[in-house]
Amino acid sequence: MSGSAPNGRRPVSGADVCVVGAGPAGALVADRLAAEHEVVVLDAGPRFDPADRLERQERAIRPAYDRPDVWDGDDERDAHSASGDRFYPLNHARVKGIGGSTLHWQGMVMRLHEDDFASGSERGVGPDWPIDYGEVRPYYAAAERELGVAGSDDNPYAPPREEPYPMPAFAPSYSDGLFADACEALEIDMHSVPNARNSERYDGRSACVGYGTCQPVCPAGAKYDATVHIERAESKGATVIDRAPVQRLEHGVDRVRAAVYATPDGTEYRQTAEAFVVACGGVETPRLLLLSDSEHYPDGLANESGLVGRYFMDHLFAGTGGVLEEPTRQNHVGFLTSESHQFYDDADGEIGPFKLEFFNYGGPSPVETALSADTWGEDLLDRLRQDYGTHVGMGALVEQLPREDSYVGLDPDRTDDHGNPVPDVHWTVGDRALRTIERANEVQEAILSELGAEITWQVGPDDTGPAYHHMGTTRMGTDPEESVVDPRLRTHDLGNCWLVTSGAFPTGGAVNPTLTIAALALRAAKDVRTSL
Amino acid sequence: MELTRRDAAAALAAVGAGGAVAFGVDRLRGDGSDGPDASGQDPPAEARLRETFVAAAEVLYPSEVSGIGGFVEGFLEGRLGRRDHADGIRAAVGALDDRAVSWYGERFAALAVEDRDRLLREIGADTAEEDPEGTTAERVRYYVVNELLLALYASPTGGELVGLENPQGHPGGTESYRRGPK
Ligand SMILES: Cc1cc2nc3c(=O)[nH]c(=O)nc-3n(C[C@H](O)[C@H](O)[C@H](O)COP(=O)(O)OP(=O)(O)OC[C@H]3O[C@@H](n4cnc5c(N)ncnc54)[C@H](O)[C@@H]3O)c2cc1C
Ligand code: SF4
């Protein structure tokens, strides 16, 4: 299948819906609509052959390859700028191609907490969402079924749920047991992690077999990725065109008319449709709108508010690790089995929400160490034995608030392989997030000390980095002057255009975003259907 | 610790050899020897590759492991099924042999173990960063040294040497991460 494209990548006539972007957001919308409507999906990247996944896994392990190489990142196609105080490593934070960034993702999926929908009212900072948890709740349940989530109802801090997870949770790891003793002494609750990863066979896909390279590639297909819904949409009749980057959206005053896309042989085509769903993620979606400026929309399409690209947020990472004087059995699998949300809802104006993660892959992976060591034979084995075996590590995700001076814009001085100005991720982080990182570090240190660990590394406010969750850039709201999309993700300015991405999030909370993206995508799909 | 042909199959399954996995392993099971393959041909070039790889593994692997010959041959056979990769392996082995002949007067596999070790270090393969398109040192690191280290340490037997029976790259199931130390 790889490399082939239907009808020479020509547009489909009489299309009802054109979806731009084949990550989970676009794939879920396409799947929901494909049975009843003519759906076309355009994606900038290629369709990857599933048979190549082991080779990609080898790239993940071998030092000759950088992370973006695993999924064929291309420096010219993916050129970007980062003019903010903090560099933003955009190409480590996404994948272009059928399946989108879920090809690379970790696959931890939780619901936002109830207070996350009302940060302004409950925590005294940031905007409230225009919808509350209750409105999203049934879509969360549906999203968990679609992605296939293994989880357990053992998190006392999670929002209420109405039904069990589709699959049982993965059992805790050996090292979780070590942490559990320390946490009990400190009265910190640990609980399972919902994973979009099969703990048993699900939906025709294999159970996890423990390759341990989940991020950036699962050769078994046990980790959910959006090729699942792309293939399902195709089986219902959708047309999916790969290597078809949309250059701009042609429009009138209140409707999008066509998506103009390029193909590998240099031809440009126009895909017309009744409805357009832009699902290019939280960076490329605002970029496409800004590239589609016109006389009527001189600041970018759907940008009467002036907010397209504004309020860029990511989650920040805080981490601490060390070594024990006993074996800790790390690096068998590439996913997490325990977290703590105990401190999450203490959030206020001073300290943001954060969640704590207990690693199953603390310390080096012996095979990776071996491939970059400067020795071999006995020496190497001695070194591997010294390096591996006693590490423990903890992570945390921390919320950052939306700020006007954190944004995605266009860099007029730099163009991509099609001559379009590249996205400039101007990322700025405020003091509340930095204080929260410090707080997370304190809790991590307390747990590791209780565990008897010698602390050997820490990622704190000075060297924190992003978790690769792009939020805020096409904010959702009811007031067209204060937001870009309405609560069903339809643009205020154009009646037939939806922006289905985490760009819609008014605030980010501190849980990984994709389950919420999926829930909002299912909700938006319903609105698209009603409009047709 | 004994390396087996099953370990070779496991190492191949970890790093991928496409259709060649089944082919290579069946074929090895069929005759189990270094003799001619099913087509009745055993081109000297292929035999030379195998010898060189086994000779290199004797340097690169710790003395605790035995059964290197069968393991390396099984692994290599699968890897040669990937055409571009196989070309890279052949070129790197050719370069290694050229150096062996001009510096030590004999091809790599014919040298004493200590000389093989010395030669690999003199080439710079110990400190080089692997690069499939790089200098001789970087290509020998990529196609010979790291090829063999990857085979060993992504296999369960190699992992066990370090205390990790389900190393990264090996589909060793979802039990081992829960078990405590032996
Ligand atoms: C390393 C890593 C780990 C992660 N771990 C987690 C995790 O554990 N849990 C979690 O919830 N999230 C995680 N994420 C984030 C998650 O991957 C994203 O939230 C999710 O994939 C976003 O879905 P999306 O469909 O909006 O965008 P994407 O998945 O990014 O897909 C967008 C698609 O749009 C296409 N596109 C872009 N521009 C154009 C254009 N102009 N024309 C046509 N197509 C275009 C791209 O090619 C791409 O295929 C992780 C991300 C990374 C990188
Ligand atoms: S450990 Fe990760 S990579 Fe391996 S099968 Fe499970 S989900 Fe896939």
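As you go down the protein sequences, you meet chains E and U in turn.
Numbering of the first sequence is given in my numbering, commencing with residue 874 and proceeding in unit increments.
Numbering of the second sequence is given in my numbering, commencing with residue 170 and proceeding in unit increments.
Built from N, CA and C at the ideal position, the CB exists for glycine as well.
Element boundaries [alpha helix (DSSP H), containing residue i]
i, result
"U/Y322", "N315 to Y322"
"E/T1374", "No alpha helix (DSSP H) contains E/T1374, which DSSP labels as neither H nor E."
"U/E291", "V282 to I292"
"U/P213", "P213 to L229"
"U/F244", "I237 to R248"
"E/E931", "R926 to I934"
"E/K865", "A question about residue 865 of chain E goes unanswered here, because the residues of chain E that appear run from 874 up to 1405."
"E/Y1013", "Y1006 to L1020"
"U/I258", "R252 to Y273"
"E/D904", "P897 to A907"
"E/A1391", "T1387 to S1404"
"E/E1311", "D1304 to E1323"
"E/Q1259", "G1250 to D1260"
"E/V943", "R940 to V943"
Proximity test, residue i beta-carbon vs ligand 1 heavy atom, cut-off 7 Å
i, result
"E/C1153", "yes"
"U/W272", "no"
"E/P884", "no"
"E/T1337", "no"
"E/P1118", "yes"
"E/D916", "yes"
"E/S1375", "yes"
"E/N1028", "no"
"E/I1390", "yes"
"E/L1161", "yes"
"E/Y1280", "no"
"E/V979", "Just to set this straight, residue 979 of chain E is Gln in the shown sequence, not Val. Yes."
"E/T975", "yes"
"E/P967", "Sequence check: residue 967 of chain E is Arg here, not Pro. It does: the Cβ of E/R967 is within 7 Å (strictly closer) of some heavy atom of ligand 1."
"E/H1342", "yes"
"E/N1369", "no"
"E/A1387", "In the sequence on display, residue 1387 of chain E carries Thr and not Ala. Correct: E/T1387 has its Cβ closer than 7 Å to ligand 1."
Residue i classed as buried or exposed, judged by whether at least 16 other C-beta atoms fall within 10 angstroms
i, result
"E/W1330", "exposed"
"U/V184", "buried"
"E/H1291", "exposed"
"E/P897", "buried"
"E/K969", "buried"
"E/S1018", "The residue you asked about is not Ser; residue 1018 of chain E is Arg in the sequence shown. Looking at its Cβ environment, which holds fewer than 16 other Cβ atoms inside 10 Å, E/R1018 is exposed."
"E/M1349", "buried"
"E/H1407", "This structure gives no information on residue 1407 of chain E, because the portion of chain E shown stretches from 874 to 1405."
"U/A270", "Position check: residue 270 of chain U holds Val in this sequence, whereas Ala was assumed. Flag for U/V270 reads exposed."
"E/R1143", "exposed"
"E/A1049", "As written in the sequence, residue 1049 of chain E is Asp, which differs from the Ala given in the question. When all chains shown are included, E/D1049 counts as buried."
"U/Q337", "buried"
"E/A1313", "buried"
For residue i, three-class secondary structure by DSSP
i, result
"E/T1158", "helix"
"E/H965", "helix"
"E/A1131", "strand"
"E/Q1144", "strand"
"E/T1242", "helix"
"E/P1171", "coil"
"U/N335", "coil"
"E/D1412", "Residue 1412 of chain E lies beyond the residue range present for chain E, which begins at 874 and ends at 1405; the question has no answer from this structure."
"U/K351", "coil"
"U/A207", "Because the pLDDT at U/A207 is just 42, under 50, the model does not fix this residue reliably, and the value given afterwards should be weighed accordingly. The answer is coil: DSSP assigns U/A207 none of H, G, I, E or B."
"E/C1056", "helix"
"E/G1050", "helix"
"E/P923", "helix"
"E/D1284", "strand"
"E/L1270", "strand"
"U/V190", "Low confidence applies to U/V190: its pLDDT is 39, below 50, so where it sits in the model is not reliable, and the reading given next is rough at best. Residue state, collapsed to three classes: helix."
"E/D1297", "strand"
"E/L915", "strand"
"E/V1265", "strand"
Range covered by the beta strand (DSSP E) that runs through residue i
i, result
"E/S1211", "S1211 to S1213"
"E/L1120", "The question names Leu, yet the displayed sequence has Gln at residue 1120 of chain E. From DSSP, the beta strand (DSSP E) with E/Q1120 extends over V1119 to H1124."
"E/T1193", "L1189 to V1196"
Check: residue i C-beta below 7 Å from any heavy atom of ligand 3
i, result
"E/A895", "Ligand 3 is not among the ligands present in this structure, which contains only ligand 1 and ligand 2."
Can you list, in chain order, every residue whose CB sits closer than 6 Å to a heavy atom of ligand 2? E/R1070, E/C1081, E/V1082, E/G1083, E/Y1084, E/G1085, E/T1086, E/C1087, E/C1091, E/A1093, E/A1095, E/K1096, E/V1206, E/G1207 and E/F1208
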